[in-house]
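Asker: Just passing along the structure, written as structure tokens.
Number of protein chains: 2
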Amino acid sequence: MSKVKLKDVAEKAGVSKSTVSQYLNKRYEFMGKETRKRIEKVIEDLRYQPNEVARSLKIKKTNTIGVIVANILHPFSTYVSRGVEDYCQQRGYNVILCNADNDSNKEKSYIEMLQMKQVDGIIIAATGKNNDLIYREREKGFPIVLFDRYFDDVEVDMVLSDNYQGAFQAVEHLIKMGHKNIALVAPEGHLLSMRKLRIDGYYGALKKYNIPIDESYVKFVTTENLTNQLNDLFRQDHVPTAVFTVNDLMTIEVLTYLKENNIKVPDEMAVVVFDDLPMASLLEAPLTVVAQPTYEIGTTSARMLIERIESKVKPKHEQKILPCQLIVRQSCGFRKNAEANENIPALNA
Amino acid sequence: MSKVKLKDVAEKAGVSKSTVSQYLNKRYEFMGKETRKRIEKVIEDLRYQPNEVARSLKIKKTNTIGVIVANILHPFSTYVSRGVEDYCQQRGYNVILCNADNDSNKEKSYIEMLQMKQVDGIIIAATGKNNDLIYREREKGFPIVLFDRYFDDVEVDMVLSDNYQGAFQAVEHLIKMGHKNIALVAPEGHLLSMRKLRIDGYYGALKKYNIPIDESYVKFVTTENLTNQLNDLFRQDHVPTAVFTVNDLMTIEVLTYLKENNIKVPDEMAVVVFDDLPMASLLEAPLTVVAQPTYEIGTTSARMLIERIESKVKPKHEQKILPCQLIVRQSCGFRKNAEANENIPALNA
DNA sequence: CTGTTAGCGCCTTCAC
DNA sequence: GTGAAGGCGCTAACAG
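First to last, the sequence lines map onto chains A and B. The numbering used here puts the first residue of the first sequence at 82, with every later residue one more than the last. The numbering used here puts the first residue of the second sequence at 82, with every later residue one more than the last.
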């Protein structure tokens with residue numbers, strides 16, 4: 082297992098270590114064609130592979146970045162990761178991927194671990210509980226890019242998708258399909274900023290079309306006792322005709338509920354959801370979804386981070402907001418139902 | 082950005098570098114309670130973080146492993162990765178994750194890159210085209226574990242799922258549901274060993290129950306011109322009453338076809354598929370699937386790799402075959418009887 | 001119990 | 001063009 086090292090190559094090629102080093106770093110001007118060929122051959126013969134650890138120690142750069150996602154099992158994280166990886170790969174960087182599981186302690190220890198490993202920068206879907214740490218490191222000049230969640234207490238590069246616009250479009254689409262009684266299902270608890278924007282988008286769309294807001298249609302649910310909470314929503318006197326779910330966990334719960342209670346989508350209930358799902362098109366009623374530009378979030382984050390690392394001239398911190406895309410399938414009902422709202426003035430605005 | 086280093090800690094604490102080093106490596110026996118406290122405090126004050134790169138260079142160990150998967154977008158890879166990560170995390174190892182995309186060149190360059198980075202070992206879903214390289218490295222003592230694909234030309238640790246048993250059970254289940262005309266849909270082309278086992282499982286089950294084999298039910302399809310090929314299968318004189326698909330790509334194609342042609346599952350066509358799908362339970366007819374123990378494949382691979390790294394006494398190479406699980410839902414025409422869940426971290430929002 | 005010393009494998013002036 | 005020397009930050013004998 083004894084590794085062949087630069088010194089071995091130098092000896093076998095009959096040159097000095099520094100010449101070999103020059104060769105490795107492609108500074109070919111500093112040597113004769115002769116020596117260059119010879120070194121090349123020896124490296125081949127010996128199957129020499131430079132030790133990146135030693136190199137990193139010396140040049141103080143690892144060409145490695147860290148990515149901290151919420152959960153790699155979640156398609157959102159997966160697509161972002163893939164975007165990051167593809168971009169990095171192409172730029173000569175490697176990626177260490179970590180799952181923080183929305184646990185701020187794990188997040189913190191991962192950040193520290195990555196820094197001890199001397200990564201050149203970190204891309205992170207932050208929990209928000211370590212913003213002080215993140216901000217401090219950023220201030221010291223350590224490259225960090227946040228994605229997916231917005232925080233206003235921290236001046237750091239961020240890559241986000243346009244949650245308001247996405248939610249707005251989704252609900253607007255339902256309205257154009259003729260729906261007025263539109264429910265919103267969101268998880269209860271502290272509102273992450275992005276989730277709040279989705280809810281704002283819901284209200285915004287209703288407002289634009291002068292649809293009065295019925296708070297009995299707005300449900301913040303907990304995972305325990307979910308059935309009762311959805312019963313409240315779907316079995317009240319005037320049931321909604323459509324429902325908008327703000328994330329895929331909610332989507333799965335609502336779809337399961339509708340299926341169990343034999344409520345037909347879209348005939349009895351139109352559904353539009355935030356976040357695309359892998360199988361969305363194969364469901365009983367293929368889902369109309371607001372798809373986030375996940376892969377682009379990844380590539381964009383990677384690009385911004387690498388720009389920082391390679392210290393391009395840049396503003397102190399920048400924020401990139403990428404648009405969501407409404408993918409219309411069948412779960413929101415068909416066009417024929419749309420006439421009802423065709424005369425609403427605001428529709429033409 | 083100037084990092085605080087061990088030397089700074091030593092000076093500030095009024096001890097020598099080696100004492101601090103001892104402290105870092107928890108060799109507390111070699112110092113007074115006094116000095117220990119003092120060092121602790123200085124580290125705290127200075128926010129000192131050891132440089133792992135320097136440490137790795139010295140001790141010739143990075144506590145990092147590489148994982149090469151086919152495609153992180155695929156749930157199979159994702160769950161395996163998560164298994165690997167969780168196990169490694171808990172054992173103090175970090176993971177560099179790479180996508181080879183079934184491209185042997187990418188695979189090769191990733192293997193080399195990971196070795197230059199001095200990873201302690203590699204877990205890989207090999208393409209098979211670099212078996213010589215893999216075998217050679219393994220022979221030199223470099224820890225490598227293969228998963229997902231079996232190769233008989235290489236003596237390396239492997240972690241596999243029992244593809245034969247899984248397929249056999251799936252088809253046996255269909256038979257027990259009363260089906261005799263059971264189709265098989267598999268991708269055409271070179272048979273990876275594991276896929277062959279799935280096909281063998283199909284034949285094996287038919288044989289056990291003395292069901293004559295009708296080769297017109299066995300379709301090897303290409304992705305182009307798929308519709309015609311499925312037409313051949315589903316529109317012949319005596320159509321099958323059930324179909325078994327050998328991987329999830331096939332599953333999606335077949336389900337899409339059935340949906341488009343308005344063939345009802347399970348009433349007109351029973352379906353059992355290899356590989357669980359995230360939304361399998363929410364489909365029009367929740368799918369009966371053969372689920373591979375993906376998460377366990379990950380943890381097991383990681384465990385075996387780390388055992389090699391830490392050179393436990395072990396046989397030259399070992400092979401672990403984990404059982405698949407048949408999850409009965411409704412697509413095969415029967416009420417669910419058993420539905421166990423893997424013990425894996427929940428999909429959080 | 002603590003300090004001194006000599007590297008780990010590579011890079012980089014700076015002489016030759 | 002090429003080589004010698006010093007050092008990146010840390011560890012691990014080995015003295016003291």
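C-beta atoms are modelled at their ideal positions from N, C-alpha and C, and glycine is treated no differently.
Could you tell me the alpha carbon to alpha carbon distance between residue 372(A) and residue 406(A), rounded to whole angstroms?
Answerer: If you number the first sequence from 1, residue 372(A) lands on position 291. If you number the first sequence from 1, residue 406(A) lands on position 325. Rounded to whole angstroms, residue 372(A) to residue 406(A) spans 5 angstroms at the Cα level.
Asker: Grouping DSSP H, G and I as helix and E and B as strand, with all else coil, what is residue 102(A)?
Answerer: To locate residue 102(A), count along the first sequence from 1; it is residue 21. Residue 102(A) falls in the helix class under three-state DSSP.
Asker: Under the assumption that residue 219(A) contacts residue 225(A) (Cβ atoms under 8 angstroms), give the Cβ distance between them as a whole number of angstroms.
Answerer: Counting from one through the first sequence, the residue named residue 219(A) turns up at place 138. Counting from one through the first sequence, the residue named residue 225(A) turns up at place 144. Right, their Cβ atoms sit about 5 angstroms apart.
Asker: State the start and end residues of the unbroken alpha helix (DSSP H) segment that holds residue 315(B).
Answerer: Mapped onto the second sequence, residue 315(B) falls at position 234. Per DSSP, residue 315(B) belongs to the alpha helix (DSSP H) from 307 to 315.
Asker: Would you mind sorting residue 330(B) into buried or exposed? The rule is 16 or more other CB atoms within 10 Å of its CB.
Answerer: One-based indexing of the second sequence puts residue 330(B) at position 249. The residue in question, residue 330(B), is exposed, as its Cβ has fewer than 16 Cβ neighbours within 10 Å.
Asker: Please confirm if the segment 388 to 396 of chain A is in contact with the segment 227 to 237 of chain A, defined as three or more CB-CB distances below 8 angstroms between the two stretches.
Answerer: Contact fails: fewer than three Cβ-Cβ distances are below 8 angstroms.
Asker: Do the CB positions of residue 138(A) and residue 138(B) come within less than 7 angstroms of each other?
Answerer: Counting from 1 along the first sequence, the entry for residue 138(A) is found at position 57. Counting from 1 along the second sequence, the entry for residue 138(B) is found at position 57. Their beta carbons are under 7 angstroms apart, which means residue 138(A) touches residue 138(B) by this criterion.
Asker: At a Cβ threshold of 7 angstroms, is residue 346(B) touching chain A?
Answerer: Here residue 346(B) refers to the residue found at position 265 of the second sequence. Output row for residue 346(B): interface = no.
Asker: Could one say the Cβ of residue 133(A) lies closer than 7 angstroms to chain B's Cβ atoms, at least one of them?
Answerer: In the first sequence, residue 133(A) corresponds to position 52, counting from 1. So yes, residue 133(A) belongs to the interface.
Asker: Can you tell me where the alpha helix (DSSP H) holding residue 164(A) begins and where it ends?
Answerer: Against the first sequence, residue 164(A) aligns to sequence position 83. Looking at the DSSP string, the run of the alpha helix (DSSP H) that includes residue 164(A) is 156 to 172.
Asker: Under three-state DSSP, which class holds residue 422(B)?
Answerer: In the second sequence, residue 422(B) corresponds to position 341, counting from 1. Confidence at residue 422(B) is low in this model, with a pLDDT of 28, below 50, so its placement is unreliable and no value can be given for it.
Asker: Determine the burial state of residue 270(B): buried for a count of at least 16 other Cβ atoms within 10 Å of its Cβ, exposed for fewer.
Answerer: The count along the second sequence starts at 1 and reaches residue 270(B) at position 189. Exposed, since its Cβ has fewer than 16 Cβ neighbours within 10 Å.
Asker: Going along the chain, which unbroken runs of the beta strand (DSSP E) with 3 or more residues stay wholly within the segment 223 to 272 of chain A?
Answerer: Correct list: 225 to 228, 238 to 242 and 263 to 268.
Asker: Would you mind reading off the limits of the alpha helix (DSSP H) that contains residue 286(A)?
Answerer: Within the first sequence, the letter at position 205 stands for residue 286(A). Run containing residue 286(A): 274 to 289, per the alpha helix (DSSP H) assignment.
Asker: DSSP three-state call for residue 324(B): helix, strand or coil?
Answerer: Against the second sequence, residue 324(B) aligns to sequence position 243. Strand.
Asker: Under the three-state reduction of DSSP, which class applies to residue 199(B): helix, strand or coil?
Answerer: In the second sequence, residue 199(B) corresponds to position 118, counting from 1. Three-state result, residue 199(B): coil.
Asker: So, does the CB of residue 198(A) fall closer than 7 angstroms to a CB anywhere in chain B?
Answerer: Numbered from its first residue, the first sequence carries residue 198(A) at position 117. Yes - at least one Cβ of chain B is within 7 angstroms of the one on residue 198(A).
Asker: Leaving out five residues before and five after residue 61(A) in sequence, what residues of the same chain have Cβ atoms less than 6 angstroms from its Cβ?
Answerer: No information on residue 61(A) is available, as it lies outside the stretch 82 to 430 that chain A covers here.
Asker: Beta carbons nearer than 7 angstroms to chain B: which residues of the segment 145 to 168 of chain A have them?
Answerer: Answer in chain order: 151, 152, 153, 154, 155, 159, 160, 162, 163 and 166.
Asker: In the DSSP assignment, what residue or residues form a beta bridge with residue 47(A)?
Answerer: What is shown of chain A runs 82 to 430, which leaves residue 47(A) out entirely.
Asker: Could you give the C-beta distance for residue 199(B) and residue 143(B), rounded to a whole number, given that I count them as a contact under 8 angstroms?
Answerer: On the second sequence, residue 199(B) is found 118 positions in, with the first residue counted as 1. On the second sequence, residue 143(B) is found 62 positions in, with the first residue counted as 1. About 5 angstroms separates the two Cβ atoms, so the contact holds.
Asker: Determine the burial state of residue 126(B): buried for a count of at least 16 other Cβ atoms within 10 Å of its Cβ, exposed for fewer.
Answerer: Counted from its first residue, the second sequence places residue 126(B) at position 45. It is exposed - the Cβ of residue 126(B) has fewer than 16 other Cβ atoms within 10 Å.
Asker: Please determine, among 251(A), 258(A), 260(A) and 152(A), the residue with the shortest C-alpha to C-alpha distance to residue 207(A).
Answerer: The count along the first sequence starts at 1 and reaches residue 207(A) at position 126. Nearest option by C-alpha distance: 152(A).
Asker: Here's the rule: buried if 16 or more other CB atoms are within 10 angstroms of the residue's CB, otherwise exposed. What is residue 177(A)?
Answerer: As a first step, residue 177(A) must be located in the first sequence, where it is residue number 96. Buried: at least 16 other Cβ atoms inside 10 Å.
Asker: Quick check on residue 138(A) - is its C-beta less than 7 angstroms from some C-beta in chain B?
Answerer: On the first sequence, residue 138(A) is found 57 positions in, with the first residue counted as 1. So yes, residue 138(A) belongs to the interface.
Asker: Is there a Cβ of chain A sitting closer than 7 angstroms to that of residue 343(B), yes or no?
Answerer: Here residue 343(B) refers to the residue found at position 262 when the second sequence is read from its first residue. Taking Cβ atoms only, chain A never reaches closer than 7 angstroms to residue 343(B), which makes this a no.
Asker: Cβ of residue 359(A) less than 7 angstroms from any chain B Cβ?
Answerer: Here residue 359(A) is taken as the residue at index 278 of the first sequence, counted from 1. Yes - at least one Cβ of chain B is within 7 angstroms of the one on residue 359(A).
Asker: Measuring CA to CA, which of 284(B), 265(B) and 345(B) is closest to residue 365(B)?
Answerer: In the second sequence, counting from the first residue as 1, residue 365(B) sits at position 284. Selected option, being the one with the closest Cα: 345(B).
Asker: Going along chain B in order, which residues have a C-beta closer than 7 angstroms to the C-beta of residue 178(A)?
Answerer: As a first step, residue 178(A) is located in the first sequence; it is residue number 97 there, counting from the start. In chain order: 176 and 178.
Asker: Can you tell me whether residue 424(A) is buried or exposed, with buried defined as 16 or more other CB within 10 angstroms of its CB?
Answerer: Start at 1 with the first residue of the first sequence, and residue 424(A) comes out as number 343. Residue confidence is low: residue 424(A) scores 46 on pLDDT, short of 50, so the model does not pin down where it sits. No coordinate-derived value is stated.
Asker: Please report how far the alpha carbon of residue 97(B) lies from the alpha carbon of residue 88(B), in whole angstroms.
Answerer: Within the second sequence, the letter at position 16 stands for residue 97(B). Within the second sequence, the letter at position 7 stands for residue 88(B). For residue 97(B) and residue 88(B), the distance between alpha carbons rounds to 8 angstroms.
Asker: In chain order, what residues of the same chain have a beta carbon less than 8 angstroms from the beta carbon of residue 374(B), not counting five sequence neighbours either side?
Answerer: Taking the second sequence and counting its residues from 1, the one referred to as residue 374(B) is at position 293. For residue 374(B), where only same-chain residues beyond five positions count, the Cβ hits under 8 angstroms are 242, 403, 404, 405, 406 and 423.
Asker: Can you find the residues in the same chain that come closer than 8 angstroms, C-beta to C-beta, to residue 377(A), ignoring five residues on each side of it along the sequence?
Answerer: In the first sequence, residue 377(A) corresponds to position 296, counting from 1. Around residue 377(A): 164 and 403.
Asker: Which same chain residues, not among the five before or five after residue 173(B), have their C-beta less than 8 angstroms away from its C-beta?
Answerer: Along the second sequence, one-based indexing puts residue 173(B) at 92. 144.
Asker: Decide yes or no for the touch test of the segment 185 to 201 of chain A against the segment 181 to 191 of chain B: beta carbon pairs closer than 8 angstroms, at least 3 of them.
Answerer: Not touching, per the Cβ criterion.
Asker: Does the segment 91 to 111 of chain A come close enough to the segment 101 to 108 of chain B to have 3 or more Cβ pairs within less than 8 angstroms?
Answerer: No: fewer than three Cβ pairs fall under 8 angstroms.
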